[in-house]
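Heads up, the thing below is written out as structure tokens.
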Amino acid sequence: MGFSFASVVLSYFLIAGGTFFAALFAGRVGIHSEYLGYIVLALGGFLGGIVAARASKGSTIIEPGIGAVLLLGSVVALGVAGSGSSAHVVLLPSAMKAIALTAAASAGGGIAGAFVTEKLFADAEPAGMSWVLFVALATFGAGMIGTTIGALLSHGDAGPLVGMLALCCALVGIASGASARSRPLAASFLGGVLGLGGFGMLSIYVFRAMVATGGGESDKIPPELYAGMAVIAVGGGLAAMIGALIGWSTVGSKQ
Numbered sequence: 003m004g005f006s007f008a009s010v011v012l013s014y015f016l017i018a019g020g021t022f023f024a025a026l027f028a029g030r031v032g033i034h035s036e037y038l039g040y041i042v043l044a045l046g047g048f049l050g051g052i053v054a055a056r057a058s059k060g061s062t063i064i065e066p067g068i069g070a071v072l073l074l075g076s077v078v079a080l081g082v083a084g085s086g087s088s089a090h091v092v093l094l095p096s097a098m099k100a101i102a103l104t105a106a107a108s109a110g111g112g113i114a115g116a117f118v119t120e121k122l123f124a125d126a127e128p129a130g131m132s133w134v135l136f137v138a139l140a141t142f143g144a145g146m147i148g149t150t151i152g153a154l155l156s157h158g159d160a161g162p163l164v165g166m167l168a169l170c171c172a173l174v175g176i177a178s179g180a181s182a183r184s185r186p187l188a189a190s191f192l193g194g195v196l197g198l199g200g201f202g203m204l205s206i207y208v209f210r211a212m213v214a215t216g217g218g219e220s221d222k223i224p225p226e227l228y229a230g231m232a233v234i235a236v237g238g239g240l241a242a243m244i245g246a247l248i249g250w251s252t253v254g255s256k257q
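Counting the sequence shown from 1 gives a position; my numbering is that position plus 2.
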């Protein structure tokens, strides 16, 4: 199988999903050590690389490697864009060190995961239901990327945020449909719901832990927030399913 651009896109979101899942999980359990945090990020990238290699339709190393590099570039770009007038702070030695270590952890873990997977499972075809896991982890990453870009564009308006989440989930679906061996519509919907819903809930729990005041009604998550996250998760699943239909119809079914 030759080079697959769809696998690059999918690998981008999968390694992002693994990295950000590890970061949020570390925040949820209260890991505060800087260097232990980098190890956790590397393990998250490693997980994303494993899944990316299993989902890749082309080479199991090249596409995840390119996806990891693209992720690093976009994370740095988003960090600079988010700093606004303070962008010069990114160029300080301490900031550059943090960016370099984060980049090395995520990309290195992703490439290492893809390499190990190629050596162990080079000729093994993933089971059909594996695409639920693939799409779930990718839409978890899409949740983080979409939220970050949407927050930069929104200026207090929810429209751009929702739009970017839908777009990122649709891109995951298109890449999945173009990469899968069979039409992954149901897997894309279920994976999209689980991935985006999981991202939202884990993010809420981490944020609540950061701002908790020590108990009481003020620290409880309002039921309306759960309902809102459920709606967003279903929307992400629908966007991923529509994207999968497009990817399968235009690319996947013809290969």
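Each residue gets a CB set at the ideal place from its N, CA and C atoms; glycine is no exception.
Check	Outcome
DSSP three-state call for Ala44: helix, strand or coil?	helix
Enumerate in chain order the residues of its own chain whose CB-to-CB distance from Met146 is below 7 Å, with the five nearest sequence positions on each side excluded.	Ala18, Phe22, Phe201
So Leu198 and Ala153 are supposed to be a Cβ contact under 8 Å. How far apart are they, rounded?	Contact flag wrong, Cβ pair sits at about 16 Å.
Could you tell me the alpha carbon to alpha carbon distance between Leu167 and Ser251, rounded to whole angstroms?	23 Å
Taking Ala182 as the reference, give the member of Ile68, Arg56, Leu45, Val31 with the closest Cα.	Arg56
Mark Ala89 as exposed unless 16 or more other C-beta atoms lie within 10 angstroms of its C-beta, in which case mark it buried.	Low per-residue confidence applies at Ala89: pLDDT is 49, beneath 50, and the placement is therefore not dependable enough to give any value.
What three-state label does DSSP hand Ala182 in the structure shown?	coil
Count the other C-beta atoms from every protein chain shown that fall within 10 angstroms of the C-beta of Ser87, then say buried if there are 16 or more, exposed otherwise.	Confidence in Ser87 is poor, its pLDDT being 46 and thus under 50, which makes the residue's placement unreliable; the coordinate value appears in the next sentence. Its Cβ having fewer than 16 others within 10 Å, Ser87 is exposed.
Could you tell me the alpha carbon to alpha carbon distance between Leu110 and Ile223, rounded to whole angstroms?	For the sequence presented, residue 110 should be read as Gly rather than Leu. Answer to the nearest angstrom: the Cα atoms are 36 Å apart.
Specify, as a first and last residue, the run of the alpha helix (DSSP H) that Val236 falls within.	225-252
Take Leu192 as the anchor and find which of Ala44, Glu65, Ala246, Ala180 has the nearest alpha-carbon.	Ala246
So Ile33 and Val42 are in contact, right, with Cβ under 8 Å, and what is the actual spacing, rounded?	6 Å
Go to Met131, then tell me how far its alpha helix (DSSP H) extends in each direction, as first and last residue.	Careful: Met131 lies outside any alpha helix (DSSP H) and carries neither H nor E.
Using three-state DSSP, classify Lys222 as helix, strand or coil.	coil
What does the alpha-carbon distance come out to for the pair Gly67 and Val118?	13 Å
In angstroms, rounded to a whole number, what distance separates the CA positions of Ala105 and Leu74?	6 Å
My guess is that Val137 and Ser190 are in contact by the Cβ rule of under 8 Å, so how many angstroms apart are they, rounded?	5 Å
Could you tell me how far apart the beta carbons of Ala140 and Phe48 are, in whole angstroms, since I believe they sit closer than 8 Å?	Not quite, the Cβ-Cβ distance comes to about 16 Å (not below 8 Å), so this is no contact.
Where does Ile52 sit, in a helix, a strand or coil, going by DSSP?	helix
Would Leu45 and Ser178 be called neighbours here (beta carbons separated by less than 8 Å)?	no
Comparing alpha-carbon positions, which option in Lys256, Arg185, Met203, Cys171 lies nearest Leu240?	Cys171
How is the alpha helix (DSSP H) around Ser9 delimited, first residue to last?	7-31
CA-CA distance, Ala188 and Ser132?	12 Å
On the three-state DSSP scale, how would you describe Gly165?	helix
Answer with buried or exposed for Pro225, where buried requires no fewer than 16 other C-beta atoms within 10 angstroms of its C-beta.	exposed
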